[in-house]
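Inspection log for the structure reproduced underneath, given as structure tokens.
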Amino acid sequence: MSGTTVSKGKFNWWRLPAWACHQSASSIISMAMAFASYLATGSYGIAVFAAGLIASGTRIFDAAIDPFLALITDRLSTRFGRVRIMIVVGRAIQILCIMGLFFWGIGKGAVLYTVIYCVYYVGASISAIASHTGNPVITTSPKERPIIFRWMMIYTTCITALLTFYRSKYLFVKHGGLNLGAFQELALTACAVVVVMEIIACIAITEKDVPGSFPKKANGKSVNFIDMFRLLTGNRAMQMYVIAGVSDKIASQVVRQAAISTLVFGIVIGNYEFSGTFSLIKILPTILLLFYGSHLAGKYGTKKALVQWSAISIVCAVLMIGFMAVIDPTSVSINPVTTGLFIVLYLAYMCCSNVVSSCTNAMVPDIVDYELYRTGSFLPGTVGTLYSLIDELISSSADTILALCLTLIGYVSVQPQPGDACTSSVFWMTMFLWMGLPILGWLCTLIAMKWYPLDKEKMAEVQEKNAAFRAAQKDQREANAK
Numbered sequence: 002m003s004g005t006t007v008s009k010g011k012f013n014w015w016r017l018p019a020w021a022c023h024q025s026a027s028s029i030i031s032m033a034m035a036f037a038s039y040l041a042t043g044s045y046g047i048a049v050f051a052a053g054l055i056a057s058g059t060r061i062f063d064a065a066i067d068p069f070l071a072l073i074t075d076r077l078s079t080r081f082g083r084v085r086i087m088i089v090v091g092r093a094i095q096i097l098c099i100m101g102l103f104f105w106g107i108g109k110g111a112v113l114y115t116v117i118y119c120v121y122y123v124g125a126s127i128s129a130i131a132s133h134t135g136n137p138v139i140t141t142s143p144k145e146r147p148i149i150f151r152w153m154m155i156y157t158t159c160i161t162a163l164l165t166f167y168r169s170k171y172l173f174v175k176h177g178g179l180n181l182g183a184f185q186e187l188a189l190t191a192c193a194v195v196v197v198m199e200i201i202a203c204i205a206i207t208e209k210d211v212p213g214s215f216p217k218k219a220n221g222k223s224v225n226f227i228d229m230f231r232l233l234t235g236n237r238a239m240q241m242y243v244i245a246g247v248s249d250k251i252a253s254q255v256v257r258q259a260a261i262s263t264l265v266f267g268i269v270i271g272n273y274e275f276s277g278t279f280s281l282i283k284i285l286p287t288i289l290l291l292f293y294g295s296h297l298a299g300k301y302g303t304k305k306a307l308v309q310w311s312a313i314s315i316v317c318a319v320l321m322i323g324f325m326a327v328i329d330p331t332s333v334s335i336n337p338v339t340t341g342l343f344i345v346l347y348l349a350y351m352c353c354s355n356v357v358s359s360c361t362n363a364m365v366p367d368i369v370d371y372e373l374y375r376t377g378s379f380l381p382g383t384v385g386t387l388y389s390l391i392d393e394l395i396s397s398s399a400d401t402i403l404a405l406c407l408t409l410i411g412y413v414s415v416q417p418q419p420g421d422a423c424t425s426s427v428f429w430m431t432m433f434l435w436m437g438l439p440i441l442g443w444l445c446t447l448i449a450m451k452w453y454p455l456d457k458e459k460m461a462e463v464q465e466k467n468a469a470f471r472a473a474q475k476d477q478r479e480a481n482a483k
């Protein structure tokens, strides 16, 4: 089994945490895009529900192009590698589109807004494929892979917390509310952070971004649509991962929208700036639990860890709903007792849900290796984009779900704003969107894991066979070179 792991010490100690910057950058750039719906209604003249439909439509467009991008990228070979080219191209497209949405296209109507949004998702897809391609090659050890996602969640937690504090404590005050000036400054800051993180990620992947890291198909042919079909119909791990991942994604896609933070902190609790304070409080506990959770995933297998933490997350979410229902929510930011209880409950919920996300993400490179084990085909881009295809088709409903729910509680032409009245319907709709949807997602995960085959013992078998396959291809390359 020694051939299945990357070298210790000099390689692993910094490359795995550094490579995690790439996926964290995706979360950072998504944080800026979370305010696109506010731009749609406030700067492009689009109704709330129409903006939700546009967001859903662009995600369906994203799903449609994913398979074609996968076929291109799984065949890609350049003097600058495969992964680094995708990172540069994907992020450049996304950043240019953010500039277009937040600056150059303001006031120019729904058509331009929709076109830019669609192009943005082309860049997002390429960036996602870079993640799926880099993760299986930066290390081939299932024990080490949770380290990548541990650091990804740590970076994401810390930076998003700082940006949330920056948004609520500085931008909200400086610009007098959630308005265009605040969104533009947040977008520029997020893009600057993303550029720095991607430079670090490119340096980390350089040594592994070489042709020898990407095994050719056993039959020597190129990746095609038949491989996609066989992957989806024959790979049970892929099937169960899709169920678990998509169900969680719908919930997380809704929860991370800016409107949810406004509903929870700005309306139900009645103190929007408190979200910034809480974002800093949660950093240390989240980091500690991520280290513990990823350690368990490496020790006992990702499947077992995901089941355990999903169940704990459900309990935390139920307790939070019950707590908010029995107290006066406006006391959360002013009464020391309720403030303390809220912080404890929400910290537990956030920490556990982050560990769940870390475990779920760690399954993708395992599934890539399982497909190599099953068929002799190394399909990192195809695995990632096939999941994205199904994910986008289903989770595209998240924006429409949110828009419909907001419309049902009276937000037809405007987005929720801090200080709006908290009626009974607003409260319970907020609880459903904030905690109820994640509970449903985790229940689907628990069911799917009953049939997920890649436990710790199976992955040891997979890696042993794949190591022999890679060694044979290396011998063949060396023979051909002579």
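Residue numbers (the numbering used here): 2 to 483. Beta carbons are placed, not taken as given, at the ideal position from N, Cα and C, and that holds for glycine.
With the rule of 3 Cβ pairs closer than 8 Å, the stretch 322 to 329 does not count as touching the stretch 359 to 372.
DSSP, read as helix, strand or coil, puts glycine 267 in helix.
Contact between the stretch 147 to 155 and the stretch 309 to 317 is absent, with fewer than three C-beta pairs closer than 8 Å. A contact is defined here as three or more CB-CB pairs under 8 Å, and the stretch 434 to 448 meets this definition with respect to the stretch 260 to 279. Excluding residues up to 5 positions away in sequence, Met154 lie with their Cβ nearer than 7 Å to the Cβ of serine 358 in the same chain.
For threonine 79, the secondary structure class from DSSP, reduced to helix, strand or coil, is coil.
Under the three-state reduction of DSSP output, glutamate 186 falls in the helix class. The Cβ atoms of alanine 399 and isoleucine 251 sit closer than 8 Å to each other.
The three-state reading of DSSP puts histidine 296 in helix, counting H, G and I together.
Around the beta-carbon of threonine 140, 16 or more other beta-carbon atoms lie within 10 Å, marking it buried. Bounds of the alpha helix (DSSP H) holding asparagine 362 are 337 to 376.
In terms of CA proximity to glycine 385, Asp67 leads the group Asp67, Ala349, Ala469, Ser314.
Distances from the CA of valine 120 to each of Ser132, Val90, Pro212, Lys144 were compared; the closest alpha carbon is that of Val90. In the displayed model, threonine 141 falls within coil according to three-state DSSP, outside both helix and strand. Bounds of the alpha helix (DSSP H) holding glycine 58 are 49 to 74. DSSP places threonine 157 in the helix class (H, G or I) of the three-state scheme. A direct Cα-to-Cα measurement between histidine 176 and alanine 183 gives close to 6 Å.
In this structure alanine 48 touches threonine 42 by the C-beta definition: roughly 7 Å separates them, less than 8 Å. Our two residues, valine 211 and glycine 382, have alpha carbons roughly 15 Å apart in a direct line. In the structure shown, glycine 420 falls within a coil segment according to DSSP collapsed to helix, strand and coil. Using a 10 angstroms sphere on the CB of threonine 361, the tally of other CB atoms reaches 16 or more, which defines it as buried. If you draw a straight line from the Cα of valine 138 to the Cα of phenylalanine 379, it comes to about 11 Å. CA-CA distance, proline 337 to leucine 346, rounds to 14 Å.
Taking the Cα of phenylalanine 428 as reference, the smallest distance to any Cα among Gly420, Val265, Gln477 is reached at Val265. About 6 Å separates the beta carbons of valine 356 and leucine 291, which is inside the 8 Å limit, making them a contact pair. Segment contact: the stretch 72 to 92 against the stretch 400 to 409, fewer than three CB-CB distances shorter than 8 Å; contact not assigned. Secondary structure in the stretch 89 to 120: no beta strand (DSSP E) run of 3 residues or longer lies completely within the stretch. Its Cα nearest to that of cysteine 445, the residue Asp249 stands out among Phe470, Asp249, Ser332. Leaving aside the five residues that flank serine 214 on each side, the residues in its chain whose CB is nearer than 8 Å to its CB run, in chain order, Val138. Between phenylalanine 470 and glycine 377, the CB-CB gap stays under 8 Å. Per DSSP, the continuous alpha helix (DSSP H) segment holding glycine 323 begins and ends at 303 to 327. Put simply, of Arg16, Tyr167, Glu479 the residue whose alpha carbon is nearest the alpha carbon of methionine 32 is Tyr167.
In the structure shown, the three-state DSSP call for asparagine 236 is coil.
Across the set Ala93, Leu102, Ala422, Gly267, the C-alpha of Gly267 shows the shortest separation from the C-alpha of leucine 179.
One Cα belongs to glutamate 462, the other to lysine 144, and the distance between them is close to 13 Å. Secondary structure at leucine 455: coil, using DSSP grouped into helix, strand and coil.
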